[in-house]
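Residue numbers (the working numbering): -12 to 382. Everything on this sheet refers to the single structure shown next.
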Amino acid sequence: MSKDSILVINCGSSSLKFAVINPTTEEEKINGIAERMNSSEAVLNWKINGEKGSLPLGQAAHEAALEAIVGLLREEGLMASISAIGHRVVHGGEKFSQSCLVTDEVLQAIEDGTKLAPLHSPANLAGIRAAQKIFPGLPNVVVFDTAFHQTMPAEAYLYPIPYSLYKDHGVRRYGFHGTSYRYVGQAAADMLGLDINDSNLVVAHLGNGASACAIKNGKSIDTTMGLTPLEGLVMGTRSGDVDPNLFNFLNKTLGYTLDEATDMLNKKSGLLGLSEMDSDCRVIQEAAAQGNEHAQLTLDVFCHVLAEKVAGFAAAMGKIDALVFTGGIGENSSVIRKNVLERLSIFGFKLDEKLNDETFRGKSGVITQEGSTVAMVVATNEELMISRDTQALTA
Ligand code: AMP
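Spelled out as structure tokens, the structure:
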């Protein structure tokens, strides 16, 4: 069997997603997720050739989950096809502006940056160390969510707070979803026949986490997420932008501790908090369609914030060749896309209702009329991008 595939790993604190991908043919041979790790309900679910499988994992943490995945890959005859392992790493700080091979220095640099992503970096490191132990002969590559945004100019990444907080402690906008933006930006340019090096794109990655990015000539020049993925757009459970004095108000007036306020803004806000229904956009859309005014108001807040950011990015670039929607909401919600484009009519967007309604479930394409400023959908594929980087760095 030829070593034509990459094992892609995405480690969270309680989950481990994996896929085996041939970056050349783009074939995804298997994908799956170990969930509820570190609890007695840990379970591994996967999909291969359209068939689903499941295996209880006991109290598994990252290493045990990865061992179970290796057992599965052996059973399915896929182990011999794997030439390298690509890891998604959330925070690369200012040190990493592109993907790289894992070395002791790289691991140390990720470790040193843990203060910037205290929830994510330890899980990412645990995944890399487990992979090094379980696959001693294979090279590992790290692909950072933040790397694509390292091209932002200082005027876009600096916060107007004492400069020493940036100089001495790295407090600045980093941005996330970079792997998705790199993939979607290039795919959108290819579909439109544009040279990516001479293009002005705004991409809205709208999933459970949501952000937008201004991509000028293939480079990120601004994005909505910040030091952490809490800033910017309204998300499933995250608030996005609020008045920073809210912390003070919650503490002094309502007695919240710092942890309680942080938890509320990250886990109980956004679509969930505002709608008092669900973090899932589908549930809120269905309620709104049945005449629930509060559900409609929640969607309107989501779209208002997004439209404002897109407008700001388009104005900063001086031109917009296309607004590109991606992520679970961006790829599937014709309702959200229509709502946002109506708010942006000043930029010349004219929705094609039929194309908009027909574009969902992994379909990509333009959703505006002939003669309109282009809005389109591109189905993102971060795993494929990670497998491509991994192959390029290990070939
Ligand atoms: P992601 O994080 O990219 O996987 O996106 C997940 C989110 O996509 C879910 O929480 C849903 O809110 C949203 N989503 C998926 N399908 C639809 C749909 N048909 N309409 C609206 N939202 C959807």
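Glycine included, C-beta positions come from ideal geometry on N, C-alpha and C.
Distance between Thr90 and Lys120 (C-alpha atoms, nearest Å): 14 angstroms
Gly352 classed as buried or exposed, judged by whether at least 16 other C-beta atoms fall within 10 angstroms: exposed
Buried versus exposed, by CB contacts within 10 Å (16 or more), Gly219: buried
Bridge-paired residues (DSSP) for Cys(-2): Leu3
Three-way DSSP call (helix, strand, coil) for Pro428 in this model: Outside the modelled stretch of the chain, which goes from -12 to 382, sits residue 428, for which no answer is possible.
Any non-hydrogen atom of the ligand AMP within 8 angstroms of Cys268 CB: yes
Anticipated Cβ contact below 8 angstroms, Ala175 with Leu188, distance rounded: 6 angstroms
Buried versus exposed, by CB contacts within 10 Å (16 or more), Arg396: In this structure the chain extends from -12 to 382, so residue 396 is not present and cannot be described.
Nonlocal neighbours in the same chain, by C-beta distance under 6 angstroms from Phe163, ignoring five residues either side: Spatial neighbours of Phe163 in its own chain (CB-CB distance under 6 angstroms, excluding positions within 5 residues in sequence) are listed in chain order as Asp132, Met212 and Pro216.
Burial state of His281 (16 or more Cβ within 10 Å): exposed
CA nearest to the CA of Arg160, picked from Leu152, Met(-12) and Leu42: Leu152
Distance cut-off 8 angstroms: Asn368 Cβ against heavy atoms of the ligand AMP: No, since every heavy atom of the ligand AMP falls outside the 8 angstroms radius drawn around the Cβ of Asn368.
Residues of its chain near Gly223, where Cβ-Cβ distance is below 6 angstroms and the 5 sequence neighbours each way are ignored: Asn195, Gly257, Leu258 and Ser266
Residue span of the alpha helix (DSSP H) that contains Arg330, given as start and end: Ser321 to Arg330
Val392 Cβ short of 8 angstroms to the ligand AMP heavy atom set: In this structure the chain extends from -12 to 382, so residue 392 is not present and cannot be described.
Beta-carbon spacing of Ala117, Glu50 below 9 angstroms: The answer is yes: Cβ separation under 9 angstroms.
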